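Below is one structure, written out as structure tokens, with a few remarks after it.
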Amino acid sequence: MKLRTLTLGLLSASALAFAAHAESITIATVNNGDMVRMQKLTDDFTKANPDIQLNWVTLEENVLRERVTTDIATKGGQYDVLTIGTYEVPIWAKQSWLLPLEKLGDDYDVKDIIPAIAGGLSVDGKLYAAPFYGESSFVMYRKDLMEKAGLKMPDAPTWDFIKEAADKMTDRANGVNGICLRGKAGWGENMAFLTAMSNSFGARWFDENWKPQFDQPEWKNTLQFYVDLMKADGPEGASSNGFNENLALFQQGKCGMWIDATVAASFVSDPKASQVADKVGYALAPDKGLGKRGNWLWAWSLAIPAGTKKADAAEKFVSWATSKHYLELVAAKEGWANVPPGTRTSLYNNPEYQKAAPFAKMTLDSINAADPTHPTVKPVPYVGVQFVAIPEFQGLGTTVGQLFSAALAGQSSVDDALKQAQDAATAAMTEGGYLK
Amino acid sequence: MARAVTTQHKTIATVAAWIVALLIFFPILYTIITSFKSEQEAIQGFALIPSGTTESYSEVQAQSGYFKFFLNSVILSVGSTVLALIIAVPAAWSMAFSPTKRTKDILMWMLSTKMMPAVAVLFPIYLIFRDTGLLDSRIGLTVMLMLINLPIVVWMLYTYFREIPVEILEAARMDGASLWNEIIYVLTPMAVPGIASTMLLNIILAWNEAFWTIRLTTTEAAPLTAFISSFSSPQGLFWAKLSAASTLAIAPILIMGWFSQKQLVRGLTFGAVK
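Sequence order for the protein chains is C and F.
Position one of the first sequence corresponds to residue 1 (the working numbering), numbered consecutively onward.
Position one of the second sequence corresponds to residue 1 (the working numbering), numbered consecutively onward.
So, in structure tokens, the structure goes:
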């Protein structure tokens, strides 16, 4: 009897000791469909790794960025895994704020990551973040309205065709706007769209010597085209529309076309949320015949901060969440249409995925059409398609975004907005030491 | 005639007050309405009658578990308020009953700390918290919330204490009351309404504080402000879920405010008209 008690006691004591040894890692993330789904599926990870516990911190994108930057710059060590964007990775890696991902496992197959995405997440050939989902931007359009207008959308339209189609589809009496585009000010809002668009117009933020280029005709063409197009065919109050506002308009059938993130395809084609789910077609982002298209490249990726004390456990988790196995897990539990897109080439070769996601091919083509290391027609000293990967860009991008948003709202002229943008950029570059 | 005019004025004033109150309350009301809609209904445009579904509530609960955040909110707001009162009652007492030449300056200086934007001291505070191991701890955040609300608490208590005639305290002293007795048996009973309303207001302020509570916590000490923030999404329309999360977060403080509104109004207007 005594022996049994003793054994039981020892057993429970060792169980407690074991539990106390379980490592817990804290993962900072954003609230979007794919991330929420991952939180529901983590049983699969914790079953295979019973000694690792997962804590989640979900925050709004901008709060997350600020929160994580504070922690990482002060080496606060509050997080073991970070969800960060393509903009941060090269900057933070150069600051030695991130650990290179070198122990992702033998069956991880790094080469399977789409090269355009991997390129944006690597510095000096080392991968600093593993993509969880990737996106580009493309044209989503209403097939029925296009037919009514007597036009056929080519797979690779030009900006002139987009203008013609928007003019013909606009039917304000019935609440249909030919085109919906971002207008809300912010480096990740209207400037993501406008910077990508300007690439196709041959414009660039800076020349090889970091001299701002807003005084050049290419930028004038870009902004004038955008403002004219939106005035003629855009929705009312477009200067305060971002991704979510345009998504709501498109789902309610109020837009003929919408050029935005490829990830929107799964929303607008979802019959539970969208009134036009069965009428949506997809095309590559437009060009101007100069060799670059107006689409961006972005990936939400998982990275490990240099301050963590649990790097091994964190890397195990990153490897699991971005593996081929995870894609299969989502497919088995929630169907292929819900698999996080845009990260692995093998996914796009999978016939079941192609069947479940009619936008799959166009998404991959769009991602491949963007090149973060050579984003523009003329040469530039920076990396990034819809952003410039320097720390000053967040502030400057938002300032310029406000000026362009004001031009769209009619509060200032295109020329004034460009002149002020040039001044703001020159000041920021001088202060940052880029310009002598 | 004069009587009729007064009645008319009263009616107009009442109607105007109702309109203003409704305007102020409307965003909260619409949040509550939206929380009972489905996601698709929520983006359909303006509608005051929801379908009454509670799916958003169950999804919000399943996604991040309300209770832990709620408990943290209660601990932080009540804890910081009690701590603030312990420090502020003696401070306000001394300033009200034995003022010196510099009392007014000290009061102004305390208030001036509220004029600086919080983000200006984010890094120093973050470093202090990191080095003392207080990041993501309830103790650290309780102290932080106490500190940021302390100037207001001292000011409010000071104004209440000033209303109490010094003669009463002097009479107590004549009867041989010690300082301690004077505070416990004479001052406190008279100041209870003032202290109560200060307490209520401070709990509300601490409950709603969303800068430090989000920035100094991760998982253990995160209160309801962090809970709401986790449902805001830049890509994807989750308005119904966000509304449900907001409703859950404000409901406790709204109910508390409702039951204590007499105290609150009295506290806020105390000494306003002299």
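Just so it is clear, CB atoms sit at the ideal spot from N, CA and C, and this is done for glycine as well.
These figures come from a predicted structure and were not determined experimentally.
Is there a Cβ from chain C that is less than 7 Å from the Cβ of residue 275 of chain F? A question about residue 275 of chain F goes unanswered here, because the residues of chain F that appear run from 1 up to 274.
Scan the segment 25-59 of chain F for residues whose Cβ lies nearer than 8 Å to a Cβ of chain C and list them as they occur along the chain. Within the segment 25-59 of chain F, the qualifying residues are 39, 40, 43, 44, 45.
If you draw a straight line from the alpha carbon of residue 326 of chain C to that of residue 336 of chain C, how long is it in whole angstroms? 12 Å
Minimum length 4: unbroken alpha helix (DSSP H) runs contained in the segment 228-308 of chain C: 243-251, 265-268
Of the choices F/66, F/110, F/39, whose alpha-carbon is the least far from that of residue 271 of chain C? F/39
Take residue 471 of chain C as the anchor and find which of C/391, C/286, C/317 has the nearest alpha-carbon. Chain C is shown from 1 up to 436; residue 471 of chain C falls before or after that span and cannot be answered.
Assigned secondary structure, residue 386 of chain C (DSSP; H/G/I helix, E/B strand, else coil): coil
Would a check of beta-carbon distances place residue 133 of chain F closer than 7 Å to chain A? Although the question refers to chain A, the structure presented lacks it and instead comprises the protein chains C and F.
With residue 317 of chain C and residue 114 of chain C assumed to form a contact (beta carbons below 8 Å), what rounded beta-carbon distance in angstroms separates them? Between residue 114 of chain C and residue 317 of chain C the Cβ distance is about 22 Å, and since that is not below 8 Å, they are no contact.
Cβ pair residue 196 of chain C, residue 342 of chain C closer than 7 Å: Not a contact, by the Cβ cut-off of 7 Å.
Measuring only the C-alpha atoms, how far is residue 92 of chain F from residue 68 of chain C? It is roughly 40 Å from the alpha-carbon of residue 92 of chain F to the alpha-carbon of residue 68 of chain C.
Neighbouring residues, chain C, relative to residue 214 of chain F (Cβ below 8 Å): 59, 63, 67
If you follow the beta strand (DSSP E) that residue 131 of chain C is in, where does it begin and where does it stop? 130-142
Please report the Cβ distance between residue 256 of chain C and residue 367 of chain C, rounded to the nearest whole angstrom; I am assuming they are in contact, meaning their Cβ atoms lie under 8 Å. 25 Å between Cβ atoms; not a contact.
Spatial neighbours of residue 18 of chain C within its chain, please: CB distance less than 6 Å, with the 5 preceding and 5 following residues excluded, ordered by chain position. Residue placement at residue 18 of chain C cannot be trusted, given a pLDDT of 46 that sits under 50; what the coordinates show is reported in the next sentence. Excluding residues within five positions, none has a Cβ falling inside 6 Å.
Determine the direct distance from the alpha carbon of residue 205 of chain F to that of residue 15 of chain C, and round the result to whole angstroms. Because residue 15 of chain C sits at a pLDDT of 49, beneath the cut-off of 50, its placement in the model cannot be relied upon, and the following sentence gives the value as read from the coordinates. Roughly 44 Å separates the two Cα atoms.
For residue 282 of chain C and residue 253 of chain C, what's the separation of their Cα atoms in angstroms? Going by the C-alpha atoms only, they are around 16 Å apart.
CA-to-CA distance, residue 376 of chain C to residue 20 of chain C, given in whole angstroms: Any answer about residue 20 of chain C is weak, because its pLDDT of 48 lies below 50 and its placement is not dependable; what the coordinates show is given next. Between residue 20 of chain C and residue 376 of chain C, the C-alpha separation is close to 54 Å.
Following a CB-centred definition, is residue 212 of chain F positioned closer than 6 Å to any heavy atom of the ligand GTP? The ligand GTP is absent from the structure shown, which contains no ligands of any kind.
Beta-bridge pairing of residue 127 of chain C - partner residues as DSSP gives them: Answer is C/122.
So is residue 397 of chain C buried or exposed if we call it buried at 16+ other beta carbons inside 10 Å? buried
Which residues of chain F have a Cβ atom closer than 8 Å to the Cβ of residue 267 of chain C, listed in chain order? 236, 237
I need the DSSP call for residue 165 of chain F, collapsed to helix, strand or coil. coil
Taking C-alpha atoms, which residue in C/284, C/297, C/264, C/87 lies nearest to residue 34 of chain C? Closest in alpha carbon position to residue 34 of chain C, among C/284, C/297, C/264, C/87, is C/264.
Own chain partners of residue 305 of chain C with C-beta closer than 7 Å, once the 5 adjacent residues on each side are dropped: 72, 79, 82, 97, 98
When the Cα atoms are used, what is the spatial distance from residue 9 of chain F to residue 63 of chain C? 49 Å
Relative to the alpha-carbon of residue 92 of chain C, which residue among C/61, C/284, C/120 has its alpha-carbon at the smallest distance? C/120
Find the nearest neighbour of residue 32 of chain F within the set F/223, F/249, F/76, F/16, judged by alpha-carbon distance. Measuring from the Cα of residue 32 of chain F, the nearest candidate turns out to be F/249.
Are the C-beta atoms of residue 243 of chain C and some chain F residue less than 7 Å apart? yes
What's the gap between the Cα of residue 124 of chain C and the Cα of residue 103 of chain C? 17 Å
With a threshold of 7 Å between beta carbons, is residue 162 of chain F in contact with chain C? Taking Cβ atoms only, chain C never reaches closer than 7 Å to residue 162 of chain F, which makes this a no.
Taking the straight line between their C-alpha atoms, what separation do you get for residue 234 of chain C and residue 228 of chain C? If I take the Cα positions, the gap works out to 9 Å.
For chain C, is any of its Cβ atoms less than 7 Å away from the one on residue 126 of chain F? Yes, residue 126 of chain F lies at the interface with chain C (some Cβ there is under 7 Å from its Cβ).
In terms of DSSP beta bridges, what is residue 171 of chain C paired with? C/176
DSSP three-state call for residue 370 of chain C: helix, strand or coil? coil
Check whether the segment 421-429 of chain C touches the segment 203-212 of chain C, counting contact only when three or more Cβ pairs, one atom from each stretch, lie closer than 8 Å. Counting Cβ pairs under 8 Å, three or more are found: they touch.
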